[in-house]
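Sequence positions in the sequence shown follow mature numbering (1 follows the signal peptide of the UniProt record, and there is no 0) and run -22 to -1, 1 to 608.
Where a beta carbon is used, it is the ideal one built from N, C-alpha and C, also for glycine.
As the structure is a computational prediction, the values presented were derived from the model and not from experiment.
Worksheet: the structure to be examined is printed underneath.
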Amino acid sequence: MKIKKILAGLMAMTLLMTGSMGGTGIGRVFAETAEAGGLIESYKCGTPEAYPVAFLVLDENEAQLGDGISPAVDEEITGTVFVPKSVTDYGDFEEVRVYAVKAIGDYAFSGCGSLEKVQIEGEVALSSHAFDGLPETTVFETSSRETKKALLRYGIEPSRIHYTGVRTNYVAFGDSIAAGYALPGYKHGTPNDDRFPTPEGAFVRNLGEMLNAQEGLALTSNQAVSGWTSEQLLKALQSGEYAGLLKDADVVTVTIGSNDLLGPFIKIVKEAIDDNFSKKVSELEFLSAEAAEGRSSDAWLRERQNSLVTEIANTLSQLNETLKDNPELLAGCENFREKTQPAILNTLHEQAPEAEIYWNTLYNPFYGEKVDLSQLFPELAKQLPMIFKQFEAIDLSADGAYYIEKMNQAFLQNTEGYHSVDIYEEFNHPDLTNVEIKNIDGKLCLNFDPHPNLEGHQLITDLYTPVIQKTYTSDDPAPDLSAEKAITGFKLGENAGTIDKDVYKITVKVPWNTDLSRQTAVFEASEGAEVRVGEALQISGHTVNDFTEPVDYTVIAEDLTSQIYEVTVEMENLAAVTEAGAGTLNRDGGGSVKTGMAGSHNAAAIFTVLFILLAGGIGYMWCIKGYGKK
């Protein structure tokens, strides 16, 4: 939800989602989001708040851990550092930019001699000095098979690398409700405290923990931005900056729309019932006490009282009139129903085609709340009954319900392609939000903060949970890297090879006149394995090799272990072929010759036989000619 900066500083009426607009509180300057070549400080990497982790912006979509020169992680860190799949750059209020983390730069961990664990969520490239400075005891955990391969190629011992496949990628979008604004642990004193981890008790965090406990490993990415309207979310989605996160998403929750309506609604109320209004009510109470004790002039007292009564009555009357069928509020409801909600759903389906999408209705944060001066100042109302009859009550509960129910008509009209989570009716109970309207020691105190408290967040969790459990089932994650590295079939043309699995040798017999210098093998290998001859990647049925000498085929498993198979081609000898012509082909012993030196001797034998046959033919012709002359 939202307040604009122009409202910051008005009387202790904590509005929507700003938090302090004062100093940063941690000695850093937060401005606009970073450009390419700029640095981002992330507070969501598992490190203490005083030790953010640095990321370098590579381009408009990508970033890497560290700038390639200086450490990205402070040397004081001893526990676990989390490298997320994406990093969000939080600038000023409502200003964010998301980057996919694609690499770990040189010297990112320089000096981190006591770091215990590095958790890498996504697929990253590793610079040649990425882990300089880490002890040999550091353990690596990843949910990416490609990152595990990269770690193995880097030279990390397999025993230090642990892969756990992700069952659920959960992405949450929304405003400050989803961000956990106003919960204990949210505020840190920066212009946008969304930059810190989602506070404990927030419903997004609760749902992530539920998915992790019930489905297996779940990664939660909370992309909620305090202050955002549905238009702002739509613009960000259509820009494509969340596409990388969404393509792998399994569960998406959306909590947006409150700022389309409640932002303007609360602004209208606050501009009417402000500090000045409260002072007028307090002054009226004070003058009444003065009059009762005879300490003020009757004429002056009546004149001032009448003035205050008129001003207070006019304010309340005008506020009621403004809230009645307000064009701005009605337009916000219609725009959400007809334009932004359908467009957001379409964009989510395009970018997250495999995800189950959940979107909750709006609740009424003002349920049961009124600005009724007769109830707030009962003693004064008894003293001045005729005056207090002029003061209209502002029924925030009824006014809020009128517009929120119109807003929620969107969920009845736009029903396709997502699961609606209805929280409206269940929220019609007191003490679920931070809204408070009361008289404290004779002073009117108004807190229009509509955010859920801990009980409210738990209720949202409880309403989401059965809907998700009924409609979502996680798939088995990709298995760990395989160690299988076998050639299970091998042919040259129509000639199948014999595979000796004990000594890793393959023998293929081919016809005697086969050109062995250019042969294409058709082979089968273990799933996911890579086959090479020397440095050349082999493609079954396409790659040409010279088999005049034995050829070594190297099979590289997914886990980068390897096995060499020696392929020898044996060619049938000419004597066997000649006998075959006479109907006595013998393919046993001596029926073929191997490639290599044996093949050279065989060639000499072939030429000898050919010479004998040729000489015999010439002699035969000479004899015929001789007999003819007689």
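Note down the Cα distance separating residue i from residue j, rounded to an integer number of angstroms.
i: residue 167; j: residue 434; result: 24 Å
i: residue 117; j: residue 384; result: 54 Å
i: residue 77; j: residue 320; result: 26 Å
i: residue 181; j: residue 410; result: 13 Å
i: residue 248; j: residue 59; result: 44 Å
i: residue 294; j: residue 244; result: 15 Å
i: residue 374; j: residue 355; result: 18 Å
i: residue 246; j: residue 368; result: 21 Å
i: residue 333; j: residue 398; result: 14 Å
i: residue 445; j: residue 376; result: 29 Å
i: residue 95; j: residue 466; result: 39 Å
i: residue 371; j: residue 313; result: 30 Å
i: residue 347; j: residue 127; result: 59 Å
i: residue 229; j: residue 400; result: 17 Å
i: residue 512; j: residue 542; result: 11 Å
i: residue 490; j: residue 525; result: 14 Å
i: residue 521; j: residue 51; result: 46 Å
i: residue 413; j: residue 349; result: 12 Å
i: residue 31; j: residue 65; result: 10 Å
i: residue 477; j: residue 107; result: 42 Å
i: residue 379; j: residue 155; result: 18 Å
i: residue -19; j: residue 452; result: Any reading at residue -19 must be qualified, since the residue scores a pLDDT of 32, below 50, and its modelled position is unreliable; the value itself is stated next. Going from the Cα of residue -19 to the Cα of residue 452 covers about 40 Å.
i: residue 381; j: residue 415; result: 20 Å
i: residue 335; j: residue 133; result: 41 Å
i: residue 560; j: residue 474; result: Confidence in residue 560 is poor, its pLDDT being 48 and thus under 50, which makes the residue's placement unreliable; the coordinate value appears in the next sentence. Approximately 26 Å, taken between the alpha carbons.
i: residue -3; j: residue 173; result: Only weak support is given to the placement of residue -3: the predicted model assigns it a pLDDT of 30, under 50, and the value that follows is read from those uncertain coordinates. Taking the straight line joining both Cα atoms gives about 14 Å.
i: residue 53; j: residue 37; result: 28 Å
i: residue 366; j: residue 359; result: 6 Å
i: residue 26; j: residue 330; result: 33 Å
i: residue 532; j: residue 499; result: 14 Å
i: residue 157; j: residue 201; result: 8 Å
i: residue 131; j: residue 150; result: 34 Å
i: residue 428; j: residue 300; result: 20 Å
i: residue 16; j: residue 41; result: 10 Å
i: residue 185; j: residue 21; result: 21 Å
i: residue 139; j: residue 235; result: 44 Å
Identify the residues that DSSP records as bridge partners of residue i: which are they?
i: residue 140; result: 119
i: residue 18; result: 33
i: residue 67; result: 75
i: residue 515; result: 510
i: residue 483; result: 478, 544
i: residue 47; result: Its beta-bridge partners do not exist; DSSP assigns none.
i: residue 237; result: BP columns for residue 237 are empty, so no partner.
i: residue 523; result: 497
i: residue 104; result: 82
i: residue 304; result: Its beta-bridge partners do not exist; DSSP assigns none.
i: residue 231; result: 150, 336
i: residue 98; result: 61, 120
Can you tell me where the alpha helix (DSSP H) with residue i in it begins and where it stops?
i: residue 278; result: 276 to 301
i: residue 437; result: 432 to 449
i: residue 251; result: No alpha helix (DSSP H) contains residue 251, which DSSP labels as neither H nor E.
i: residue 213; result: 208 to 217
Along the chain, where does the beta strand (DSSP E) that runs through residue i open and close?
i: residue 501; result: 497 to 503
i: residue 151; result: 146 to 152
i: residue 93; result: That residue, residue 93, is in no beta strand (DSSP E); it is neither H nor E in DSSP.
i: residue 222; result: Premise fails: residue 222 lies in the alpha helix (DSSP H), 221 to 224, not in any beta strand (DSSP E).
i: residue 60; result: 58 to 61
i: residue 114; result: Where residue 114 is concerned, there is no enclosing beta strand (DSSP E), given that its DSSP letter is neither H nor E.
i: residue 41; result: 40 to 43
i: residue 470; result: 465 to 470
i: residue 532; result: 529 to 534
Taking 6 Å as the cut-off, does the CB of residue i come closer than this to any heavy atom belonging to the ligand NAD?
i: residue 133; result: Although the ligand NAD was asked about, the structure shown includes no ligands whatsoever.
What are the uninterrupted segments assigned as alpha helix (DSSP H) that are 4 or more residues long and contained completely in the region 365 to 426, given in chain order? 374 to 385, 387 to 391
Let me know the beta strand (DSSP E) ranges lying completely inside the region 168 to 205, each 3 residues or longer, listed in chain order. 196 to 200
Whether or not the region 72 to 87 and the region 46 to 62 are in contact is what I'm after, with contact meaning three or more pairs of Cβ atoms, one per stretch, closer than 8 Å; do they touch? yes
Counting pairs of Cβ atoms below 8 Å between the region 201 to 214 and the region 63 to 78, do you hit three or more? yes
Counting Cβ pairs, one atom from each stretch, are 3 or more of them under 8 Å apart for the region 107 to 127 and the region 157 to 172? no
Quick one: any contact between the region 304 to 319 and the region 393 to 408, if contact means 3 or more CB pairs under 8 Å? no
Any chance the region 186 to 196 sits against the region 128 to 148, with 3 or more Cβ pairs inside 8 Å? yes
Would the region 233 to 240 count as touching the region 325 to 343 if we require 3 or more Cβ pairs under 8 Å? yes
Fully enclosed by the region 310 to 367, which beta strand (DSSP E) runs are 3 residues long or longer? 334 to 338
Is it true that the region 172 to 180 meets the region 255 to 262, where meeting means three or more beta-carbon pairs spaced less than 8 Å apart? no
Decide yes or no for the touch test of the region 529 to 538 against the region 457 to 471: beta carbon pairs closer than 8 Å, at least 3 of them. yes
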